[in-house]
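*Asks:*
In the numbering used here, the protein residues as written are 4 to 125.
1. Residue 18 to residue 6, Cα distance in whole Å?
2. Which residues in the same chain as residue 68 place their Cβ atom closer than 6 angstroms to its Cβ, once the five residues preceding and following it in sequence are excluded?
3. Mapping DSSP to helix, strand and coil, what is residue 14?
4. Closer than 7 angstroms by C-beta to residue 72: which residues in its own chain qualify, once you throw out the five before and the five after it? Chain order, please.
5. If residue 11 and residue 48 are in contact, beta carbons under 8 angstroms, what's the gap, nearest whole angstrom?
6. Reducing DSSP to helix, strand and coil, say where residue 106 ends up.
7. Hey, quick one: how far does the alpha helix (DSSP H) through residue 77 stretch, first residue to last?
8. Checking the sheet assignment: what are the DSSP bridge partners for residue 38?
9. Return the first residue and the last residue of the beta strand (DSSP E) that residue 62 is part of.
10. I'd like the list of long-range same chain contacts for residue 53, defined as Cβ closer than 6 angstroms, with 5 residues on each side in sequence excluded.
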């Protein structure tokens, strides 16, 4: 699993923030508040995100309505898991990761481990 490109990330962040399905036009109008961008550019990127399996779409009239397949947190967790799996020595990778945590990140990890302790399976 790869990370997202810059515009893919911006579009996914917008869609995650909406918490509802959105059309290319909805995303375009939102993006145009901050930058000049073409409808076809947004449409192409959203189509690629659909092809990658990150967006689901359904036809509405002559357009599509898009919705995210997973939450931002679930996507990020899968990206982290895939990165860990490809890192060679997983224990060493985790140690390096833990060494770099800020106090806030370490507290978030501790809180998460209380909710889902090691050895638990869903």
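All C-beta atoms, glycine included, are put in the ideal place defined by N, C-alpha and C.
*Replies:* So, to answer that:
1. Here the question's residue 18 lines up with position 15 in the chain shown. Here the question's residue 6 lines up with position 3 in the chain shown. So the alpha carbons of these two residues sit roughly 17 angstroms apart.
2. Indexing the chain shown from 1 puts residue 68 at position 65. Result list for residue 68: 24, 26, 61, in chain order.
3. Looking up residue 14 in the chain shown gives position 11. Three-state result, residue 14: helix.
4. Taking the chain shown and counting its residues from 1, the one referred to as residue 72 is at position 69. Hits under 7 angstroms: 56, 57, 58, 59.
5. Position 8 of the chain shown, counted from the first residue, corresponds to residue 11. Position 45 of the chain shown, counted from the first residue, corresponds to residue 48. Indeed, because the Cβ distance is near 6 angstroms, the residues count as touching under 8 angstroms.
6. Residue mapping note: residue 106 aligns to position 103 of the chain shown, counting from 1. Of the three classes helix, strand and coil, the one that applies to residue 106 here is helix, per DSSP.
7. For the purposes of this step, residue 77 is taken as the residue at position 74 of the chain shown. 75 to 88 is the span of the alpha helix (DSSP H), which, as asked, contains residue 77.
8. On the chain shown, residue 38 is found 35 positions in, with the first residue counted as 1. According to DSSP, residue 38 bridges with nothing at all.
9. In the chain shown, counting from the first residue as 1, residue 62 sits at position 59. Here the beta strand (DSSP E) through residue 62 covers 58 to 63.
10. Here residue 53 corresponds to residue number 50 of the chain shown, with the count starting at 1. Cβ neighbours of residue 53 beyond the five flanking positions: 60.
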